[in-house]
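Participant: First residue of the sequence shown: 2, per the numbering used here; consecutive thereafter.
Note that CB positions come from ideal geometry on N, CA and C, so glycine has one too.
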Amino acid sequence: MSKQQSYEEASIQILKGLEPVRERPGMYTRTETPLHIIQEVIDNSADEALAGVCKNIIVTLHQDQSVSIEDDGRGIPVGWHEEENAPVVEIVFTRLHAGGKFSKDANSAYAFSGGLHGVGVSVTNALSKRLEVVVTRGGEQHQLIFANGGHVEEPLKVIAKAPARKTGTLVRVWPDAKYFDSPTIPVADLQRLLRSKAVLLPGVSITLINEKTGQEITWQYSDGLRGYLEEELAGEELLIPMFEGKQFADADDESFAEGEGCEWLVAWTLEGAVARESYVNLIPTPSGGTHEAGLREGLFNALRAFIDLHNLLPKGVRLLSEDLFARSSFVLSVRMLDPQFQGQTKERLNSRDAVRLVSNYVKSAFELWLNSNVDWGRTLAEMVIRQAQARARSAKKVEKRKSSGVAVLPGKLTDCESDDPTRTEVFLVEGDSAGGSAKMGRDKEFQAILPLRGKVLNSWEVDRDRLFAN
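1. Got a sec, what are the start and stop residues for the alpha helix (DSSP H) Val205 sits in?
2. Go to Tyr280, then tell me how far its beta strand (DSSP E) extends in each direction, as first and last residue.
3. By alpha-carbon positions, which one of Ile77, Gly76 and Ile58 ends up nearest to Ser69?
4. Per DSSP, Ser329 forms a beta bridge with which residues?
5. Using the C-alpha atoms, what's the distance from Gly151 back to Gly18?
6. Which residue's Cα is closest to the Cα of Thr214: Gln64, Trp81 and Ser197?
7. Are three or more beta carbon pairs between the region 133 to 149 and the region 181 to 190 nearer than 8 Å?
8. Can you grab the Cα-Cα spacing for the pair Glu293 / Trp265, in whole Å?
9. Could you check what DSSP says for Pro242 in three-state terms: helix, strand or coil?
10. Looking at C-alpha atoms only, which residue of Gly74, Thr415 and Asn374 is the closest neighbour of Ala52?
11. Which first and last residues belong to the beta strand (DSSP E) in which Phe147 is found?
12. Could you check whether Ile92 and Glu85 sit closer than 8 Å to each other, using their CB atoms as the reference points?
13. Cα separation between Leu239 and Phe94?
14. Would you say the region 314 to 332 touches the region 263 to 281, given that touching needs at least three Cβ pairs under 8 Å?
15. DSSP three-state label for Pro340, please.
16. Since Phe249 sits in a beta bridge, which residues does DSSP pair it with?
17. According to DSSP, is Ile308 part of a helix, a strand, or is it coil?
18. Suppose the cutoff is 6 Å on Cβ atoms and the five residues either side in sequence are ignored; what does the same chain contact list for Val335 look like?
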């Protein structure tokens, strides 16, 4: 008979410092590869650029599997923190929820940043075998070295003199492979990340050096979002010219803080894949969020007002936002003083104010654009009306099939329009939220979506009993 385990006062553990990260890394970062802990360091450099104090960022993939990130920003402060009794730079890399990005004051060190959670580079340190920091500031170069998940190996010290006006930070990271499914950093994903940062920071030079291949790539965009989306949609035929704009609150704005606002570029293509990317304070949000909802709301309300004004809607046709977004590609960049994300990986924005912020600015700009370019507005309206009519016909087909008794479709299936079994396909996705994203990106003509409850099983690897119990 097994011995009963006791549950007493001594059973309670308190994880201190960076222990929680090492114990449960998946709560703080993505653990497929070390890319996300490298991105945390890159984001710090990008925040310096966003603050207007950094013009160059260099990322190097070294032969020994380490990665270094260097910028010419202000340099992390190296002075003594009286309350914590340690150098500030050491606190930044060893304390969760430490940083200069919590203040909502527009005049703070980082008025706009993605660092709400304040656990970024400390997570990088916790999941690394070794981490070296070199700060150039105040006419001196300072070095601090950590080992074995954030333990100080060599305390902060001055290693060289530097020109008085030279500043910056160099961080070199050796990720600990035991925390990741694969120790290899996906170079293509890293390139895409750096390229998008360069797009969102016009005039800033971002360089990637790969010592293994000898390749060196530099991105620097002067035309921002337009150049980026044109590259993504190269060869695709546009329905109408791209709609772009930007608007930021001034000091007299009663609804939003000074500097808050957004920049956007939207394109509608006749066919081919769509490209959709959104960012909050330069942080990519691949899962979207409230800022994307604001973009959809603003564009749709503006177009609906244009259609009503010109009496373009046929009787009995009901428009939905998906009719407008089925063939849309966009890049959206939002600046907020206090962004709130879903989890530390920051893949989705949860800030409720973002809907109103983006919707208000986009709606007024799009209404003006449509009424200044009536022919383009009519072309877009006609396309959206055709999408709505096709959607209505598809819904009738599904209803007819359900009532025929030949094949009963699952209640949550979003069917496609085609009846040709050689062309149609169904995507099984995890849950309703993933189903919503899949519906936005699908081709309605031949792609159906079926949200499932729970995770989809890999039937090649699981036991038969578990497979049939699902």
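Facilitator: Quick look at the numbers:
1. Segment: none, Val205 is in no alpha helix (DSSP H) and carries neither H nor E.
2. Arg277 to Val281
3. Ile58
4. Trp269
5. 9 Å
6. Gln64
7. no
8. 11 Å
9. coil
10. Gly74
11. Glu141 to Ala148
12. yes
13. 47 Å
14. yes
15. coil
16. Gly262
17. helix
18. Cys263, Val281 and His292
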